[in-house]
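The sequence shown begins at 32 in my numbering and counts up one residue at a time.
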Amino acid sequence: MSLQAAEGTLDAPAVDIIPLGGIGEFGMNMLLIGCGGTALLIDAGVMFPEPELFGVDLVIPDLSALDAYRGRIAALVLTHGHEDHIGAIPHVLGRFDGPVYGPPFALALVEPKLQEHGIDPGDRLVPVAPRQVVEIGPFRVEFLRVTHSMPDCFAIAIHTPAGTIIHSGDFKIDQTPLDGQAFDLHRFAELGTAGVLALLSDSTNADRRGFTGSERDVLQGFEEVFSSAPGLIVVATFASSVYRVQLLVDLAEQFERKVAFVGRGMQQTTQVAERLGYLRVPAGLQIRDSDVRSYASEDVLCVCTGSQGEPLAALPRIAIDDHRHVRISPDDVVVFSARIIPGNEKAVARVMNHVARRGAEVVSDAQKRVHVSGHGSEEELKLLLALVKPRYFVPIHGEYRQLARHARMARLVSPATTVLLAEDGDVMRFDGQGGRIADRVQTGRVLIDGTRTGEIADEVLRDRKHLAADGLLVPVVAINGQTGALEGEPELITRGLAIDPRQAEVLSEAPRLLARAIEAISREERTDPGLLKERIRQELQRMFRKRLGRRPLVLPVVMEV
Ligand SMILES: [Zn+2]
Ligand SMILES: [Zn+2]
32 MSLQAAEGTL DAPAVDIIPL GGIGEFGMNM LLIGCGGTAL LIDAGVMFPE
82 PELFGVDLVI PDLSALDAYR GRIAALVLTH GHEDHIGAIP HVLGRFDGPV
132 YGPPFALALV EPKLQEHGID PGDRLVPVAP RQVVEIGPFR VEFLRVTHSM
182 PDCFAIAIHT PAGTIIHSGD FKIDQTPLDG QAFDLHRFAE LGTAGVLALL
232 SDSTNADRRG FTGSERDVLQ GFEEVFSSAP GLIVVATFAS SVYRVQLLVD
282 LAEQFERKVA FVGRGMQQTT QVAERLGYLR VPAGLQIRDS DVRSYASEDV
332 LCVCTGSQGE PLAALPRIAI DDHRHVRISP DDVVVFSARI IPGNEKAVAR
382 VMNHVARRGA EVVSDAQKRV HVSGHGSEEE LKLLLALVKP RYFVPIHGEY
432 RQLARHARMA RLVSPATTVL LAEDGDVMRF DGQGGRIADR VQTGRVLIDG
482 TRTGEIADEV LRDRKHLAAD GLLVPVVAIN GQTGALEGEP ELITRGLAID
532 PRQAEVLSEA PRLLARAIEA ISREERTDPG LLKERIRQEL QRMFRKRLGR
582 RPLVLPVVME V
């Protein structure tokens, strides 16, 4: 490619880059790139709701900005298979006709999501390989191998009439990846030499110094656990952390333990990963979760979901003796092998307390190196900047303080680089005059309530349509914080429920039924507000769905007295 083409010509058509999510927040990553009559999307992710948003299961970007591009969006391009990059695809796929290009593993994780939503993608999911180039209108889209906490991740180089734009995706620079798929530093350097118009790069760990470290760095910590644990070993991690799971499987083989995957998400993801060859489990090593109890506990490793204390995931259930197949006892070791997502600290601490109360040992990153991040720290971010030497730099993926720090690094690495500190909805325009923030489009969040397939427009609590259809239910439950006993009958506050005789009957019975359901669960679950709220929500939703065919929004309030 000539230098002229790489740098863009004066009369070249403008290229617009519009982040629709993922800047100024973690998650919900989505970006639109438009040129002339063609646009493409990069990633379509979700964000997990804050604990205050009861009844809301997912948060996706507001997609109304896409309306202006109706008929012009030619493709969706995926960097990798994490939820914050693929979770919103079922809601986006209907907004354009073209293909979804992505790494095979990411596409394999997208498929069951589409199935759940009753969407048949036909032949729209198109797997791509490292260094493959796909032509989309005026764009030549090139996929570059990067390393991260899951296999098969890409950065994306988009060769446009205005110049080359590189989107880093999520990355760290793992020089000893478990699968031998090295970060393609060479190609980044080549592109840098040819001239890169703009680099958009992952800022998640911009406030951490040094290097993040390889996925292999947790080996020693886990070896210590395996060589000293007298009983069962339970490790909670993200299902998508396939490298972590592989390392655990290998250790299980070495230390002669069987492996059970526990929790729906863990079972689904490991199955997909095994089928596609991203996870290798030696024959005879794996057992079913229902068989765990037929082995001696010192012969078993359980790899499970629930590292964030999610009330319905495996580990939080195991920790209160409420799991069908797995129990923990005093000789066991429970390892938390994941970052705690801000907001989940209390829920995770409660799970640790439940585990400790059963006499088992709790191991987290504070005691041993049992977790390593998937995102590059300061020196890795600088290295990428030095290789690519972009004319413009746009920090993405992070809250403002990380973006600002990343921007400062870019100026240090190369004074010739101009930083564009954009926010969601900013239209960054690149043309013969250079790059600048030229316009704004509407952005925001849409809250998804998983009990319905539809979307809840804007803030859920103010959504009139939803409330009008099925109403709002606020159960107020007072619990003795010590004994877990109910202090009086639960109260039910309702809004927007149509009054008919059948409904009135259910409403009058509900407090008594709810009280009975609460009394039937264990004291530990009753004294754990997170678990109790989830239980109350489930009970009432089930009651209203079964008897009235309605799905009111349930916002439990638990008062400890
Ligand atoms: Zn990721
Ligand atoms: Zn991400």
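We put the beta carbon where it would ideally sit given N, CA and C, even for glycine.
Beta strand (DSSP E) segment containing L51, residue limits: Its beta strand (DSSP E) spans residues 46-52.
Beta-bridge partners of D233, as assigned by DSSP: Note: D233 sits in a beta bridge opposite I427.
Heavy atom of ligand 1 within 6 Å of D183 beta-carbon: For ligand 1, not one heavy atom lies less than 6 Å from the Cβ of D183.
Secondary structure of V159, DSSP reduced to three states: Coil.
Inter-stretch contact (C-beta, 8 Å, three-pair minimum) for the region 552-562 and the region 376-389: A contact exists between the region 552-562 and the region 376-389.
Length at least 3, wholly inside the region 167-203: the beta strand (DSSP E) runs in chain order: Segments of the beta strand (DSSP E) lying fully in the region 167-203: 170-177, 184-191, 194-198.
Straight-line gap, A197 to Q433 (C-alpha atoms, nearest Å): Here residue 197 is Ile; the residue named in the question, Ala, does not match the sequence. So the two alpha carbons sit approximately 19 Å from each other.
Helix, strand or coil at R526 [DSSP, three-state]: If DSSP states are grouped into helix, strand and coil, R526 belongs with the strands.
Limits of the alpha helix (DSSP H) - the one that T300 falls within: That run of the alpha helix (DSSP H) goes 295-306.
Own chain partners of P130 with C-beta closer than 6 Å, once the 5 adjacent residues on each side are dropped: Non-local C-beta neighbours of P130 in its own chain, meaning closer than 6 Å and more than five positions away in sequence, comprise A106, R155, V157, ordered along the chain.
In DSSP terms, what P593 is bridged to: The chain is shown only over 32 to 592; residue 593 falls outside these bounds and no answer can be derived.
Sufficient close CB pairs (3 or more, under 8 Å) joining the region 209-217 to the region 175-182: Remark: three or more beta-carbon pairs, one from each stretch, lie closer than 8 Å, so the region 209-217 and the region 175-182 are flagged as touching.
Three-way DSSP call (helix, strand, coil) for R311 in this model: DSSP places R311 in coil when its eight states are reduced to three.
Distance between E392 and V364 (C-alpha atoms, nearest Å): Going by the C-alpha atoms only, they are around 5 Å apart.
D238 and R400 closer than 7 Å at C-beta: No, the Cβ-Cβ distance between D238 and R400 is not below 7 Å.
Spatial distance of D1 from H116 (CA atoms): The first residue shown for the chain is 32 and the last is 592, placing residue 1 beyond what the model contains.
Proximity below 7 Å, CB of Y274 to CB of L332: No, the Cβ-Cβ distance between Y274 and L332 is not below 7 Å.
Given G76 as reference, the closest of F575, P92, G67 once Cα atoms are compared: Comparing alpha-carbon positions, the option among F575, P92, G67 lying closest to G76 turns out to be P92.
Contact check, V592 vs V403, beta carbons under 7 Å: No, these two residues do not count as a Cβ contact at 7 Å.
In DSSP terms, what D462 is bridged to: According to DSSP, D462 bridges with G465.
Spatially closest choice to D74 from T191, P192, S199, E166, by CA coordinates: Considering only alpha carbons, the answer is S199.
H402 Cβ short of 6 Å to ligand 2 heavy atom set: Incorrect: H402 has no Cβ contact closer than 6 Å to ligand 2.
Burial state of G252, where buried means 16 or more other Cβ atoms lie within 10 Å: Counting the other Cβ atoms within 10 Å of the Cβ of G252 gives 16 or more, which makes it buried.
beta-carbon D115 near ligand 2 non-hydrogen atom, thresh 6 Å: Yes, ligand 2 has a heavy atom inside 6 Å of this Cβ.
Three CB pairs or more closer than 8 Å across the region 284-297 and the region 359-376: Taking 8 Å as the limit for Cβ pairs, the verdict is that the region 359-376 does not touch the region 284-297.
Exposed unless 16 or more other CB atoms sit within 10 angstroms - verdict on T266: The question names Thr, but residue 266 in the sequence shown is Val. It counts as buried.
Pairwise C-alpha distance: E522 and S245: About 52 Å.
Proximal residues to G466 (C-beta, below 8 Å), its chain only, five neighbours per side dropped: L228, A229, R422, Y423, T449, L451, M459, R460, listed in sequence order.
Helix, strand or coil at L579 according to DSSP, with G and I counted as helix: Note: L579 maps to helix in three-state DSSP.
Chain B contact for Y423 (CB, 7 Å cutoff): No chain B appears in the structure shown, which is made up of a single protein chain.
Sequence-distant residues of the same chain with beta carbon closer than 6 Å to E38, five excluded per side: Since pLDDT at E38 reaches only 47, below the 50 mark, its modelled position is unreliable, and the value read off the structure follows with that caveat. Counting only residues of its own chain and dropping the five nearest sequence neighbours on each side, E38 has a CB closer than 6 Å to the CB of G194, G226.
The region 345-359 touching the region 314-329, judged by at least three CB pairs closer than 8 Å: As far as the Cβ criterion goes, the region 345-359 touches the region 314-329, which means the pair count is three or higher.
Candidates R582, N60, G262, Y100, of which the one nearest G390 by Cα: Restricting attention to R582, N60, G262, Y100, the CA atom closest to the CA of G390 is found in G262.
Beta-carbon proximity list for D462, same chain, < 8 Å, skipping 5 on both sides: Closer than 8 Å at Cβ, skipping near neighbours: G39, A43, P44, A45, V46, A193.
Same chain, Cβ closer than 7 Å to E410, neighbours up to 5 away in sequence not counted: Excluding sequence positions up to five before and after E410, its CB lies within less than 7 Å of the CB of G241, F242, all in the same chain and listed in chain order.
Three-state secondary structure assigned by DSSP to R103: Looking at R103 - three-state DSSP - the assignment turns out to be coil, as it is neither helix nor strand.
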